[in-house]
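According to our numbering, numbering within the sequence shown proceeds without interruption in unit steps and concludes at 367.
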Amino acid sequence: MPRGHDTCWRRLGAASPGIRRYDCAMSARADQGRYTPDPDQMALWPDVSGNAINGLSETAPRRPSPVYWHEPDTIPHGPLQNWFYSRYTQSADVVAARARRQEIIDRPLPDIAPVQRLESPAQWSALIRDMAKTFGADDAGIARMDASWIFEGRDQGEWKWAVVIAVAHDYEALKTAPGDAAATEVVNQYGRALKVVKDLTGWIRDQGWAADLKGGPMAGSMVMIPAAIEAGLGELGRHGSMIHRTFGANFRLALVLTDLPLAADGADVFGADDFCTSCRVCSDACPPQAIADHKQWVRGTEKWYVDFDKCLPFFNENKGCAICIAVCPWSRPGVAETLVKKMARRRARAT
Ligand code: SF4
Ligand code: SF4
Numbered sequence: 017m018p019r020g021h022d023t024c025w026r027r028l029g030a031a032s033p034g035i036r037r038y039d040c041a042m043s044a045r046a047d048q049g050r051y052t053p054d055p056d057q058m059a060l061w062p063d064v065s066g067n068a069i070n071g072l073s074e075t076a077p078r079r080p081s082p083v084y085w086h087e088p089d090t091i092p093h094g095p096l097q098n099w100f101y102s103r104y105t106q107s108a109d110v111v112a113a114r115a116r117r118q119e120i121i122d123r124p125l126p127d128i129a130p131v132q133r134l135e136s137p138a139q140w141s142a143l144i145r146d147m148a149k150t151f152g153a154d155d156a157g158i159a160r161m162d163a164s165w166i167f168e169g170r171d172q173g174e175w176k177w178a179v180v181i182a183v184a185h186d187y188e189a190l191k192t193a194p195g196d197a198a199a200t201e202v203v204n205q206y207g208r209a210l211k212v213v214k215d216l217t218g219w220i221r222d223q224g225w226a227a228d229l230k231g232g233p234m235a236g237s238m239v240m241i242p243a244a245i246e247a248g249l250g251e252l253g254r255h256g257s258m259i260h261r262t263f264g265a266n267f268r269l270a271l272v273l274t275d276l277p278l279a280a281d282g283a284d285v286f287g288a289d290d291f292c293t294s295c296r297v298c299s300d301a302c303p304p305q306a307i308a309d310h311k312q313w314v315r316g317t318e319k320w321y322v323d324f325d326k327c328l329p330f331f332n333e334n335k336g337c338a339i340c341i342a343v344c345p346w347s348r349p350g351v352a353e354t355l356v357k358k359m360a361r362r363r364a365r366a367t
């Protein structure tokens with residue numbers, strides 16, 4: 017049954033009385049249960065489940081295994097990744113955005129200056145946050161590097177710190193998801209995030225300290241979301257993306273790895289996870305019904321998890337989809353701040 021406007025309002029109203037501006041048009045266009053994957057795509061499906069690779073139902077901790085956004089010939093789902101790009105790049109706007117991003121990727125980094133600037137960890141941390149914003153970040157946070165974020169079999173070096181930055185999408189473009197406008201906006205913001213971390217990495221090297229960078233969508237050697245949570249950039253939402261206290265799920269990440277002496281920010285817990293327990297807007301809107309109604313064990317952590325095998329075919333056929341982050345009530349400009357206050361009041365009443 018297609019989910020309509022009325023269902024959406026009831027669900028959000030129950031979770032969030034007073035937030036009456038949310039428009040469920042995007043949820044209404046989702047046609048749950050009627051999506052049938054393209055057989056040409058499914059012919060490329062490997063013998064292994066992406067959920068098994070991700071460690072779904074595993075209660076023991078382990079490092080993540082590469083599953084998608086890696087060199088296609090190194091992963092079982094590589095032919096599907098190639099299939100995605102063959103469709104995704106049919107849009108001239110997406111191709112132009114990817115070319116702009118590639119120019120940023122190709123820009124060389126400076127060598128590390130021979131003389132090190134010396135500051136206290138608190139001073140360096142404040143400087144790094146300021147410089148990240150000067151270079152165009154909408155938010156930035158610092159996390160102590162954790163080896164459990166590095167993919168099995170990949171070498172990430174011995175970095176001490178991850179400086180994670182966030183850049184917000186243009187919501188007007190993102191809310192058109194799925195389609196060319198939203199896909200172009202996503203590539204544009206990946207490019208903007210890469211520019212920020214490239215400039216920040218260069219600046220750190222100019223101060224005489226080692227630094228390297230990582231930007232999406234290619235996964236490279238480590239997962240970014242756990243680092244971003246530890247850096248205080250938000251909480252994990254039911255849709256498997258992060259929710260920031262200002263941008264909701266409407267943003268992209270990139271990070272800088274460095275040995276600069278820094279101080280960790282710590283996680284920012286403001287109630288998004290709690291809100292998700294009584295909101296189902298994203299799961300109602302997801303055409304292949306990939307978003308679970310409960311948390312699940314994944315490599316030793318109980319958390320929100322999106323079914324990879326259900327999401328990927330629709331994602332691939334629909335320009336990277338993004339419906340779930342577009343419909344999330346936290347993503348609509350101005351709503352996140354209101355919800356943060358609402359969740360703080362709820363916590364205060366409960367204590
Ligand atoms: S990106 Fe995946 S989980 Fe999100 S709405 Fe699309 S198909 Fe569903
Ligand atoms: S991720 Fe967003 S849309 Fe999904 S349940 Fe949480 S608040 Fe609702």
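In this text, a Cβ means the ideal position worked out from N, Cα and C, and glycines have one as well.
Run the CB neighbour count on residue i, radius 10 Å, all protein chains shown included, and call it buried at 16 or more, exposed below.
i, result
"T217", "buried"
"E333", "buried"
"G207", "buried"
"K357", "exposed"
"M58", "exposed"
"Q205", "buried"
"G173", "exposed"
"Q139", "exposed"
"V64", "exposed"
Does DSSP classify residue i as helix, strand or coil?
i, result
"L190", "helix"
"T105", "coil"
"W225", "coil"
"R36", "Caution applies to R36, whose pLDDT of 30 falls short of 50 and renders its modelled position unreliable; the model cannot decide the point."
"M240", "coil"
"E135", "coil"
"M234", "coil"
"W85", "coil"
"K335", "coil"
"E318", "strand"
"I91", "coil"
"I119", "For the record, residue 119 in the displayed sequence is Glu; it is not Ile. E119 falls in the helix class under three-state DSSP."
"L355", "helix"
For ligand 2, I want to know if residue i counts as a neighbour, meaning its beta carbon is within less than 6 Å of at least one of the ligand's heavy atoms.
i, result
"F291", "yes"
"D351", "Reading off the sequence, residue 351 comes out as Val, not Asp. False, no ligand heavy atom lies under 6 Å from that Cβ."
"G253", "yes"
"V327", "According to the sequence shown, residue 327 is Cys rather than Val. Not under cutoff, so the answer is no."
"C344", "yes"
"C295", "yes"
"C302", "no"
Closer than 6 Å: is that where the CB of residue i sits relative to any heavy atom of ligand 1?
i, result
"A198", "no"
"I259", "no"
"I241", "no"
"A306", "yes"
"F330", "yes"
"V322", "yes"
"I128", "no"
"I339", "yes"
Examine chain C for any beta-carbon lying closer than 7 Å to the beta-carbon of residue i, and answer yes or no.
i, result
"T105", "Absent from the structure is chain C; it holds one protein chain and no more."
Requested in this report: Could you tell me whether the stretch 158 to 166 touches the stretch 236 to 250, where touching means 3 or more Cβ pairs closer than 8 Å?
Outcome: At 8 Å Cβ cutoff, the stretches touch.
Length at least 3, wholly inside the stretch 145 to 222: the beta strand (DSSP E) runs in chain order
With a minimum length of 3 residues, the continuous beta strand (DSSP E) runs that stay inside the stretch 145 to 222 are 155 to 160 and 177 to 184.
Margin query: Pairs of beta-carbons, one from the stretch 223 to 239 and one from the stretch 172 to 181, closer than 8 Å: are there three or more?
Written below: yes
* For the 8 Å Cβ check, are there 3 or more pairs between the stretch 312 to 322 and the stretch 71 to 90? -> yes
*asked:* Extract the residue ranges of the beta strand (DSSP E) inside the stretch 265 to 299, only unbroken runs of 3 or more that lie entirely within it.
replied: 267 to 274
- Query: With a cut-off of 8 Å, do at least 3 Cβ pairs link the stretch 182 to 201 to the stretch 343 to 353?
  - Reply: yes
On the three-pair Cβ rule with 8 Å, is the stretch 254 to 265 touching the stretch 105 to 116? no
Exercise for review: Evaluate the contact criterion for the stretch 318 to 329 versus the stretch 293 to 307: three or more CB pairs, one atom per stretch, below 8 Å.
Suggested key: yes
Under 8 Å: do the stretch 235 to 243 and the stretch 275 to 286 share three or more Cβ pairs, one atom per stretch? no
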